[in-house]
C-alpha cells in the first residue's frame, strides 16, 4: 500500500510541475509572438515557437507519468515505468528539432536579412522572459531530480537553454540599437548549435538507460554490504540490477555460505536477505543463488590460495569466487570475473584456466567466466 501511495505522490508531483511549465510557456509564447511580429524579429518569433514546443514537452511528461503509473498486468508484469524513458526520448527529439529549425531560419536570415524594429516594451518583455525561464528551468529540473524523472530533468535543461536564447535576443537588440548592426541571425546560428548539442546529449543519455547500463556503483556496493552483513555470508557476487523505470529495480545475486548449511537454514536466510535489501534499497531480489565454500578440510584452503595466486597473476582477472573442491570426484569449480578492458575476454579467461589445469593435472577444472556489472 505504501509503495502505491509513493507512486501516486510521485506522479502528482510530476504532473504539478508539468502544469506549471505548460501555463508559463503558453503565456510566454503569446507575449513573445506578439512582440516578435511587431518588432519584425525572427529571433523573438523563434523563441515564441520554442516556448510552444516546451509546453508540448510538459504535456508529454504528464502523459508519460500517467501511463508509467499503471498497475502491472499479464502483458507487462514488470509495470509500465519505462514509458517515462520514452517520454524523455520524445522531449529530446523535440529539443533537437527546435534546434535544427532555429538553425535553418537563422541561416535564411543571414542570406535574406530583415531590419528589426525594437522598442522598450519588447525588450522589457524579453528581459522578464529570461528571468522567468531561469527560475522555471531550476524549478522543473530540481523537481525532476527529486523524483528521479528524466523527462522533467530534460524539460528543466530545455528551459535553461531557452533563457540563454532570450538573453541572446536582448544582446542582439542592444547591439542593433547601439551600433545599428543586426547580428541576431548570427547569434541564432550559434544558439541553434548549442540547442542541437543539448538535444543530442539528452537523447544519448536516455537511450543509454533504455539500452541497459552497468549497475549504479554506489547502489551495487551498498546492496552487497547489506547482503554480506548476514552471519555466514562470506561474499556477494554476480549482482545484476534490472531497471524497469525510475526507482523500480529487480535484481539477482549469488552468495557464498559454508557447505554445512542445510536447506531450511538457507531458506530462512534468503528470505531475510530479500526483505532487508528491499527495505533498505528498494530493490526486489527475485533470485538469490548459492555458492558453498569448503569448511571441513584445511588442505582445500591451501589449494584455494594457490589457485587464487595463479589466476590473479593475469592482469584482467578481477575476481575469483564460488571456489569449491571435491576430493572424492577430483573436481575444482570456480568463477572468474574478467575485466572489459581485456582485448579478448574469452582469451584472458582461457589463459588463466589453462594455467590452473597445468598446476593441478589430477583435477577436473570446472570454470565459468563471469562479469562485474558495476565495473568502472
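Residue numbers (this note's numbering): 1478 to 1853.
Glycine residues also receive a C-beta, built at the ideal position from the N, C-alpha and C atoms.
{"Check": "Return the bridge partner residues of residue 1727 from the DSSP annotation.", "Outcome": "1719, 1761"}
{"Check": "Any idea what DSSP makes of residue 1592, helix, strand or coil?", "Outcome": "coil"}
{"Check": "Rounded to the nearest angstrom, how far is the Cβ of residue 1816 from that of residue 1763, given a contact under 8 Å?", "Outcome": "27 Å between Cβ atoms; not a contact."}
{"Check": "Residue 1701: buried (16+ other C-beta within 10 angstroms of its C-beta) or exposed?", "Outcome": "buried"}
{"Check": "Could you spell out the range, first to last residue, of the alpha helix (DSSP H) harbouring residue 1607?", "Outcome": "1597-1624"}
{"Check": "Is the CB-CB distance between residue 1571 and residue 1619 below 9 Å?", "Outcome": "no"}
{"Check": "Just to confirm, is the Cβ distance from residue 1833 to residue 1767 under 9 Å?", "Outcome": "no"}
{"Check": "Give, in chain order, every unbroken run of the alpha helix (DSSP H) that is at least 4 residues long and sits entirely within the segment 1483-1564.", "Outcome": "1519-1545"}
{"Check": "Between the Cα of residue 1643 and those of 1674, 1678, 1602, spot the shortest distance and give me the residue it belongs to.", "Outcome": "1602"}
{"Check": "State yes or no: is the C-beta of residue 1731 nearer than 8 Å to some heavy atom of the ligand MN?", "Outcome": "Although the ligand MN was asked about, the structure shown includes no ligands whatsoever."}
{"Check": "Mapping the DSSP letters down to three states, classify residue 1568 as helix, strand or coil.", "Outcome": "helix"}
{"Check": "Going straight from the alpha carbon of residue 1432 to that of residue 1678, what length do you get?", "Outcome": "A query on residue 1432 cannot be resolved here, the shown segment of the chain reaching from 1478 to 1853 and no further."}
{"Check": "For residue 1606, which residues from the same chain have a beta carbon less than 6 Å from its beta carbon, with the 5 sequence-adjacent residues on both sides left out?", "Outcome": "1505, 1643"}
{"Check": "Looking at residue 1561: is its Cβ nearer than 9 Å to the Cβ of residue 1545?", "Outcome": "yes"}
{"Check": "Rounding to the nearest angstrom, what Cα-Cα distance links residue 1588 and residue 1514 in this structure?", "Outcome": "20 Å"}
{"Check": "Short check: CB of residue 1610 to CB of residue 1636, under 9 Å?", "Outcome": "yes"}
{"Check": "Would residue 1646 and residue 1818 qualify as a contact pair, given that the criterion is a beta-carbon distance under 9 Å?", "Outcome": "no"}
{"Check": "Please report the residue range of the alpha helix (DSSP H) in which residue 1678 lies.", "Outcome": "1661-1688"}
{"Check": "Is the beta carbon of residue 1628 closer than 9 Å to that of residue 1564?", "Outcome": "yes"}
{"Check": "If you count every other CB in all the chains shown that lies within 10 Å of the CB of residue 1813, and 16 or more means buried, which is it?", "Outcome": "buried"}
{"Check": "Bridge partners for residue 1694 per DSSP, in chain order?", "Outcome": "Residue 1694 pairs with nothing; no bridge assigned."}
{"Check": "Which value, in whole angstroms, describes the spacing of the CA atoms of residue 1821 and residue 1676?", "Outcome": "35 Å"}
{"Check": "Can you list, in chain order, the residues of its chain whose CB lies under 8 Å from that of residue 1793, leaving out five sequence neighbours each side?", "Outcome": "1815, 1816, 1818, 1819, 1822, 1825"}
{"Check": "Output needed for residue 1622: all residues of its chain with C-beta closer than 7 Å, excluding positions within five of it in sequence on either side, in chain order.", "Outcome": "1630"}
{"Check": "Is the beta carbon of residue 1662 closer than 9 Å to that of residue 1584?", "Outcome": "yes"}
{"Check": "Closer than 7 Å by C-beta to residue 1839: which residues in its own chain qualify, once you throw out the five before and the five after it? Chain order, please.", "Outcome": "1807"}
{"Check": "Mind checking which residues open and close the beta strand (DSSP E) that includes residue 1805?", "Outcome": "Segment: none, residue 1805 is in no beta strand (DSSP E) and carries neither H nor E."}
{"Check": "Determine the direct distance from the alpha carbon of residue 1488 to that of residue 1542, and round the result to whole angstroms.", "Outcome": "6 Å"}
{"Check": "How far does the alpha helix (DSSP H) with residue 1824 in it reach, from first residue to last?", "Outcome": "1822-1836"}
{"Check": "Taking C-beta to C-beta, are residue 1614 and residue 1640 nearer than 9 Å?", "Outcome": "yes"}
{"Check": "Consult DSSP for residue 1770 and reduce its assignment to one of helix, strand or coil.", "Outcome": "strand"}
{"Check": "To which residues of the same chain is residue 1664 closer than 6 Å at the C-beta, ignoring the five residues directly before and after it?", "Outcome": "1645, 1649"}
{"Check": "Just how far apart, CA to CA, sit residue 1732 and residue 1559?", "Outcome": "29 Å"}
{"Check": "Which whole-angstrom value is the C-beta distance of residue 1723 and residue 1632, which I expect to be below 8 Å?", "Outcome": "Actually they are not in contact, since the Cβ atoms of residue 1723 and residue 1632 sit about 15 Å apart, beyond 8 Å."}
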